[in-house]
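Student: Right, I'll just put the structure down here and ask away after.
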Amino acid sequence: MSKEAGGSVSQGPPVATRPEAIRNVLVVGAAGGGKTTLVERLLVEAGVLNRAGSTEDGTTVCDFDEIEHRQRRSVALALAPLVHDGVKVNLLDAPGYVDFVGEVRAGLRAADCALFAIAANEGVDEPTRALWRECADVAMPRVVVITKLDHARADVDGVVAQARSAFGDRVLPVHLHEGGRLVGLLTDDHGHAEQRAALVEGIIEESEDETLMERYLGGEQVDPDLLVRDLELAVARGSLHPVVPVDAMSGVGARELLDLIVSAFPSPLEHRTPPVYTPAGGPGPEIECDPSGPLVAEVVKTTTDPYLGRVSLVRVFSGTLLPDASVHVSGHRSAWAPDDDTASSHPDHDEVERIGTLSVPLGNTHRPAPAVIAGDICAIGRLRRAETSDTLAPVDTPLVLQPWQMPDPSLPVAIQVLTRSDEDKLGPGLQRLAAEDPTLRVEHHPETHQVVLWTMGEAHADVLLDRLAHRYGVAVEEVELLVPLRETFARPATGHGRHVKQSGGHGQYAVCSIEVEPLPQGSGFEFVDRVVGGAVPRQFIPSVEKGVRSQMSRGVDTGHPMVDLRVTLTDGKAHSVDSSDMAFQTAGGLALRDAATRGGTCLLEPVDEVEVLVDDSLVGTVMGDLSARRGRVLGSEPADRPGMVVVRAHVPQLELRRYSVELRSLTHGSASFTRAFAHYERAPDGIA
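First residue of the sequence shown: 25, per our numbering; consecutive thereafter.
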């Protein structure tokens, strides 16, 4: 039996009938902060799970993903719905590892409030600060839950003080942990006067009743119900962040947290709907969280179930989703990010697809739902083309939601298959991975001929390779990443190419002389004709150039393409019968090789422009590390974010292959960086 949100008791999964009776809550926090344990305790408190962590029919839902079970860490966004006091609460459990920030951003799109789990024995670390900034950037209301109260080193008061120092004085406890129980500051008038006064004043400051503060300071008692209503206003505006301690092991605080979620967390009606556009890019209609409005829903997560196939986790922003309905599926990420290389793995598409069964997922179980209204979240199976961030809309009036911004993947991982049979499965497997994960970019490098997965970090790469092997049956191994190098001439030189063959009948005859000069980096290739007296007939001069270009593309000494040259054709010889286009092409290539043996060649390496966003206190450390990587620091400037600095530098790509991992270690996870190709420059002899 389960309650129907906003209705009566019914069989089956929790079903919402009114948007105001829905709460979508993203549970975030650093790895090891107790998020998943907290979610399970709330499910137990709401009667969804029994004390053993199973549903009434015995199905275990603690492992939300088979990879999480193997790797013993949260790696994917997971939905856990429950009903409390007639309100449906969709808990979205997000991974804590920095590598999976893409999952967090998907959760931010689906949720209306974020719940921060901070361990009482760990406090506020840099990943938690980064997550707070992620939420602040999209104006997401935030609430703090102190977990692991039973730990030997638990210090609830100390962690609250840390949170106030890190996130501002609007972080205020609404409950205190005292003697193994919670004390409510809004309902308990005895003791804790200072903490209660700070909370009440913080709430009243956000009240729409402008006279309330004056009356309170004048000694008037404020109705607790009025304080709760004004608390909800303050939380929804993101101007006050309540703190609740919860012991997930004993359950202390779980009911109080559920009460706070129902009474003070914003409903979907209070969350601004993302802008809507037409597939052509024009403005769409204004939409609201209205079950009777036009259908606008978004795929916030895509995964593959061994029995259901592709499963799309969908947030409905407007209208009502019905089983067996046809919908228009639009994916237009590149329209908003034309320079985003990740978009190449997710080409624009417009499809009409038929929805099968709607379901409410809980872990690895799916229970059918008769309909899903605006503001709610559900799963749809077997949408053939829908990818993460795609929009579902009516077939006759297709609409598109602007996709949320994804972080740039910065750790390249080169892979190769182990067997020939795996080679045939690699392409489809990578396509499915890309459909599931917008933070993945798949690159088939045209020069190194390597398959490169651009990932968010080592943990992300491990998960992707795990999914390839266990979910799609493709065995691969990681190999050394190759960097596309170039050659050029070390100094000016002359060359002579002679291609003469006699084999009966028409022979082959072509002779040419050239001068070669290296040009400044980025100049490209120039071909100059200085032949006089018709030594090389006019029709064969383009043939010499073609032969030189062909040899440059293959390289001379190392097999890397040759660049930045001026080649001047000065002389040559031809035969009236045996000369031909192919003969002069061959002679042109031979002349370039001959010049290379005289002038010598040097290796050029690609250099990226790197921008590192780092805390002001670590600027010197980062600059020193960039210099140690043969980087040239270009300068630094204050970032938009207070206390942060942007350091710009030119760094060889060879030195950046694992920079994502090493920068995180160097700065304790507080820095991030972007990179873009800048130019080629001569590699030092030792590196060459």
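Ideal placement from N, C-alpha and C gives every residue a C-beta, glycine not left out.
Assuming residue 422 and residue 356 make a contact with CB atoms under 8 Å, what is their CB distance in whole Å?
Tutor: On the sequence shown, position 398 is the one that residue 422 refers to. On the sequence shown, position 332 is the one that residue 356 refers to. Not a contact, Cβ separation roughly 10 Å.
Student: Going by C-alpha to C-alpha distance, which of 431, 189, 493 sits closest to residue 697?
Tutor: One-based indexing of the sequence shown puts residue 697 at position 673. Selected option, being the one with the closest Cα: 431.
Student: Taking the beta carbon of residue 163 as the centre, do at least 16 other beta carbons fall within 10 Å, making it buried, or is it exposed?
Tutor: Along the sequence shown, one-based indexing puts residue 163 at 139. When all chains shown are included, residue 163 counts as exposed.
Student: Measuring only the C-alpha atoms, how far is residue 404 from residue 186?
Tutor: The residue you call residue 404 lines up with position 380 of the sequence shown. The residue you call residue 186 lines up with position 162 of the sequence shown. The alpha-carbon atoms of residue 404 and residue 186 are separated by roughly 42 Å.
Student: Between the segment 644-657 and the segment 675-688, do at least 3 Cβ pairs fall closer than 8 Å?
Tutor: Flag = yes, the segment 644-657 and the segment 675-688 touch.
Student: Provide the residue(s) that pair with residue 253 in DSSP beta bridges, ordered along the chain.
Tutor: The residue you call residue 253 lines up with position 229 of the sequence shown. None, per the DSSP bridge assignment.
Student: Three-state secondary structure (DSSP) at residue 459?
Tutor: Sequence index remark: in the sequence shown, residue 459 carries index 435 (1-based). Residue state, collapsed to three classes: helix.
Student: To test your reading of the DSSP string, which unbroken alpha helix (DSSP H) runs of 4 or more residues are found completely within the segment 276-347?
Tutor: 278-288
Student: Taking the Cβ atom as the reference point for each residue, do residue 256 and residue 287 lie within a distance shorter than 8 Å?
Tutor: As a position in the sequence shown, residue 256 is number 232, starting the count at 1. As a position in the sequence shown, residue 287 is number 263, starting the count at 1. Closer than 8 Å, so yes.
Student: Tell me whether residue 525 is buried or exposed, calling it buried when 16 or more other Cβ atoms sit within 10 Å of its Cβ.
Tutor: For the purposes of this step, residue 525 is taken as the residue at position 501 of the sequence shown. Under this definition residue 525 is an exposed residue.
Student: With H, G and I counted as helix, E and B as strand and the rest as coil, what does DSSP make of residue 583?
Tutor: Counted from its first residue, the sequence shown places residue 583 at position 559. Residue state, collapsed to three classes: coil.
Student: Ends of the alpha helix (DSSP H) at residue 181?
Tutor: Residue numbering aside, residue 181 sits at position 157 when the sequence shown is read from its first letter. Per DSSP, residue 181 belongs to the alpha helix (DSSP H) from 180-191.
Student: Does any CB atom of chain C fall closer than 8 Å to the CB of residue 656?
Tutor: This model lacks chain C altogether; it includes just one protein chain.
Student: So residue 131 is in the alpha helix (DSSP H); what residue range does that whole segment cover?
Tutor: Working through the sequence shown from its first residue, we reach residue 131 at position 107. Per DSSP, residue 131 belongs to the alpha helix (DSSP H) from 125-134.
Student: If you draw a straight line from the alpha carbon of residue 380 to that of residue 441, how long is it in whole angstroms?
Tutor: Within the sequence shown, residue 380 is the residue found at index 356, counting from 1. Within the sequence shown, residue 441 is the residue found at index 417, counting from 1. The C-alpha of residue 441 is placed about 35 Å away from the C-alpha of residue 380.
Student: So residue 115 packs on residue 63, CB below 8 Å; how close in whole Å?
Tutor: Here residue 115 corresponds to residue number 91 of the sequence shown, with the count starting at 1. Here residue 63 corresponds to residue number 39 of the sequence shown, with the count starting at 1. About 5 Å separates the two Cβ atoms, so the contact holds.
Student: Report the rounded CA-to-CA distance for residue 509 versus residue 456, giving the unit in angstroms.
Tutor: In the sequence shown, counting from the first residue as 1, residue 509 sits at position 485. In the sequence shown, counting from the first residue as 1, residue 456 sits at position 432. Their backbone Cα atoms lie some 31 Å apart in a straight line.
Student: Any chance the segment 148-155 sits against the segment 47-54, with 3 or more Cβ pairs inside 8 Å?
Tutor: Yes, the segment 148-155 is in contact with the segment 47-54.
Student: Considering only C-alpha positions, which residue in the set 633, 657, 282 is nearest to residue 643?
Tutor: Taking the first residue of the sequence shown as 1, we reach residue 643 at position 619. Nearest option by C-alpha distance: 657.
Student: At what residue ranges does the segment 378-450 contain a whole run of the alpha helix (DSSP H), taking only runs of 4 or more?
Tutor: none
Student: From the DSSP output, in three-state form, read off residue 105 for me.
Tutor: Taking the sequence shown and counting its residues from 1, the one referred to as residue 105 is at position 81. Residue state, collapsed to three classes: strand.
Student: Give every residue of the same chain whose Cβ lies closer than 7 Å to the Cβ of residue 204, excluding the five residues on either side of it in the sequence, and list them in chain order.
Tutor: On the sequence shown, residue 204 is found 180 positions in, with the first residue counted as 1. Only 276 meet the Cβ criterion.
Student: Exposed or buried, which one is residue 84 when buried takes at least 16 other CB atoms within 10 Å?
Tutor: The sequence position of residue 84 within the sequence shown is 60, counting from 1. Confidence at residue 84 is low in this model, with a pLDDT of 46, below 50, so its placement is unreliable and no value can be given for it.
Student: Is residue 470 helix, strand or coil by DSSP?
Tutor: As a working mapping, residue 470 is identified with position 446 in the sequence shown. In this structure, residue 470 counts as coil in the three-state DSSP scheme.
Student: Below 6 Å CB to CB, which residues in the same chain sit around residue 138 once its five sequence neighbours on both sides are set aside?
Tutor: Here residue 138 is taken as the residue at index 114 of the sequence shown, counted from 1. Cβ within range, chain order: 50, 52, 159, 164, 166.
Student: Compute the Euclidean distance between the alpha carbons of residue 609 and residue 522, then round it to the nearest angstrom.
Tutor: In the sequence shown, residue 609 corresponds to position 585, counting from 1. In the sequence shown, residue 522 corresponds to position 498, counting from 1. Going by the C-alpha atoms only, they are around 11 Å apart.
Student: Can we say the segment 279-298 touches the segment 140-148, given the rule of at least three CB pairs closer than 8 Å?
Tutor: no
Student: With distances taken from CA atoms, which of 239, 259, 177 is nearest residue 194?
Tutor: As a position in the sequence shown, residue 194 is number 170, starting the count at 1. For residue 194, the nearest C-alpha among the options comes from 259.
Student: Relative to the alpha-carbon of residue 263, which residue among 225, 637, 273, 249 has its alpha-carbon at the smallest distance?
Tutor: Within the sequence shown, numbered from 1, the residue matching residue 263 stands at position 239. Proximity to residue 263 across 225, 637, 273, 249 peaks at 225, based on C-alpha coordinates.
Student: Leaving out five residues before and five after residue 595 in sequence, what residues of the same chain have Cβ atoms less than 8 Å from its Cβ?
Tutor: Here residue 595 is taken as the residue at index 571 of the sequence shown, counted from 1. Here the set comprises 536, 537, 555, 559, 560.
Student: Using the DSSP secondary-structure output, state which residues sit across from residue 114 in a beta bridge.
Tutor: Translated into positions along the sequence shown, residue 114 becomes position 90. DSSP output for residue 114 lists 48, 105 as bridge partner(s).
Student: Determine the direct distance from the alpha carbon of residue 180 to that of residue 173, and round the result to whole angstroms.
Tutor: The residue labelled residue 173 in the question sits at position 149 within the sequence shown. The residue labelled residue 180 in the question sits at position 156 within the sequence shown. Each residue's alpha carbon lies about 7 Å from the other.
Student: Run through DSSP, which three-state label would residue 155 get?
Tutor: Within the sequence shown, residue 155 is the residue found at index 131, counting from 1. Residue state, collapsed to three classes: helix.
Student: Is residue 336 near residue 410, with beta carbons less than 8 Å apart?
Tutor: Numbered from 1 along the sequence shown, position 312 holds the residue referred to as residue 336. Numbered from 1 along the sequence shown, position 386 holds the residue referred to as residue 410. Cβ distance < 8 Å, so residue 336 and residue 410 count as in contact.
Student: DSSP three-state label for residue 209, please.
Tutor: Locating residue 209 in the sequence shown gives position 185, counting from the first residue. Residue 209 carries a coil assignment under DSSP once its states are collapsed to helix, strand and coil.
Student: Does the segment 492-504 come into contact with the segment 558-578, if we say contact requires no fewer than three beta-carbon pairs (one atom in each stretch) closer than 8 Å?
Tutor: Put simply, the segment 492-504 does not touch the segment 558-578. Fewer than three CB pairs are less than 8 Å apart.
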